[in-house]
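As structure tokens, the structure follows; a few thoughts come after it.
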Amino acid sequence: MAKIAPPQPVRGTQDMLGDFADRFSHVVDIFDRVRRLYGFKRVEVPVIEPTAVFARSLGETTDVVSKEMYSFADRGGDSITLRPEFTAGIARAYISNGWQQHAPLRVATHGALFRYERPQKGRYRQFHQLDAEILGSDSPLADVELLCFADQLLRELGVADGVTLQLNTLGDAESRDAWRGALVAHFAAHRGALSEDSLTRLDKNPMRILDSKDPRDRPIADAAPDIDAFLTPQAQDFFGAVTAGLDAAGVAWQRNSRLVRGLDYYRHTAFEFVTDRLGAQGTVLGGGRYDGLIENLGGPPTPAVGWAAGIERLAMLLDAPPPTQLDAVIALEDDALLGDALALLRRLRDAGYSADAVTSGSPRKRFDKAAKSGALVLFSLGTRDGARQFNARHDGGERAIGIEAAARTAR
RNA sequence: GCGACCAUAGCUCAGCUGGUUAGAGCGCCGGUUUGUGGUACCGGAGGUCGCGGGUUCGAACCCCGUUGGUCGCCCCA
């Protein structure tokens, strides 16, 4: 019989088991706990949206929209897209459900996102993010709260040491447009010296030239005008209030006037928490203010701020979590006593202890296997000289004594 | 989308300038230490050398293609 070729996983997807899966869920657990401390409500939005939701909010010319989306026509002929990010879908939900009645609304979510990219370290086609948004607040305090939340999350995950907060402002629409105009003029004047990549950026996303890594671009980018000269007084005040708030709250930050965002909807505050421990994908958490987005999508004018963080990237930074400790293990040395073993397992688990039994392999090796499991208490269940033998071995610790007691009292 | 490197047992890997039946450790299965014992020892199963083609008397090894992985570019969290 011909053996069929086993299916391969879709490129850029990953199966997780054991250590990495534990780290992944640890990140999510901590996020869920910290999010409550800041009063963020859990929100769930669909994995699929009409393509227009993303095309109109992220910007038609961005790479994400123009070449990285998983879009398809459904059976009714509508263009549907697997979400490449959270913000646009949450903005859409805000409009669809009239959530302005709850403004200012603090929401948090996490889940899978999809981008058709070349996989590499910290970058997958199906990847996962944490996400936090405050919708309907134009206060710089909202930005500060969100950054405090992010900062505490990273501290509680134990990764804050290698990570720095880089902060910039893109100004309000007026400031941003003026600055953008000046940048285009500056770069156009040096067109001949720019890298090929930057020449296409000049048309599509000129601000992106600022953080180019190409050595040919660096001198030109470094000589480019700063946003500061173009900030309106209101934009300046806003940024000042954000930085003052961070200082008061004790959140360390660095001004990076070259930090820009790839998506079109950002205004005012832009930030990234960056590490050098992840190679090329060094941004672990990033976001900013997107005051114009909801109105762009046809909703009421609504100021908003948010961030997202890569769960895989955070999980990679985590120290290896301690192996999950099994409370009790049973070495079943005589199959005739299987019923006793099953009853004992049930008693232990009912009492709140994790338990497992070794019931396969040569009878003599079951004890060794059980011993290797590292459980706090090792029960052996066998028959010797026709009599049932039941023993417990443990290190005498408090929990171990409780486990043994639970096994014996319930008999 | 572009570039570099990689693909051998369930896992981690070795395999010389191309040369008999492709190896190790771990894991798995069985056995010995006739035993209250996390030890040690013996044995066994398990491989179309990612896939397809080519060169050669002969290919895991060289060439081409393909798929996947890794790391950069790009993009982004």
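Residue numbers for the first sequence follow this note's numbering, so the first one is 248 and each next one is one higher.
Ideal placement from N, C-alpha and C gives every residue a C-beta, glycine not left out.
A distance below 7 Å between beta-carbons, with the five flanking residues on each side excluded, links A567 to the following residues of its chain, in chain order: D266. The alpha carbon of L493 has as its nearest neighbour, out of R289, D390, L430 and D581, the alpha carbon of D390.
Residue range I558 to L564 is occupied by the alpha helix (DSSP H) that includes I558. Our two residues, R427 and L449, have alpha carbons roughly 11 Å apart in a direct line. When the Cα atoms are used, Y600 and L565 turn out to be separated by approximately 27 Å. Taking the C-beta atoms as reference points, S318 is found no nearer than 9 Å to L305. Taking every protein chain shown into account, the CB of N415 has 16 or more other CB atoms within 10 angstroms, so this residue is buried. In terms of Cα proximity to R303, the closest of H375, L544 and P387 is L544. For A578, the enclosing beta strand (DSSP E) covers residues A575 to L579. Under a 10 Å Cβ-count criterion, P462 is classified as exposed, with fewer than 16 other Cβ atoms of the shown protein chains found around its own Cβ.
Taking the CA atoms as reference points, H273 sits about 48 Å from G633. A distance below 7 Å between beta-carbons, with the five flanking residues on each side excluded, links A653 to the following residues of its chain, in chain order: R594, L595, A598 and Y600. Look at the beta carbons and you see the segment 544-554 touching the segment 377-389: at least three pairs across the two are nearer than 8 Å. For H433, the enclosing alpha helix (DSSP H) begins and ends at A420 to A436. Under DSSP, the beta-bridge partners assigned to N415 are A517. The three-state secondary structure of V354, taken from DSSP, is strand. Sorting T630, E651 and D642 by C-alpha distance to the C-alpha of A602 places E651 at the top.
Per the coordinates, the alpha-carbon of R502 lies some 25 Å from the alpha-carbon of T334. P331 is classed as buried because its beta carbon has at least 16 other beta carbons within 10 Å across all chains shown. For N638, there is no enclosing alpha helix (DSSP H); the enclosing beta strand (DSSP E) has its first and last residue at A634 to H641. In this chain, the beta strand (DSSP E) harbouring H375 covers Q373 to L382. A contact is defined here as three or more CB-CB pairs under 8 Å, and the segment 510-527 fails this definition with respect to the segment 273-289. Straight through space, the alpha carbons of G533 and F518 are spaced by roughly 6 Å.
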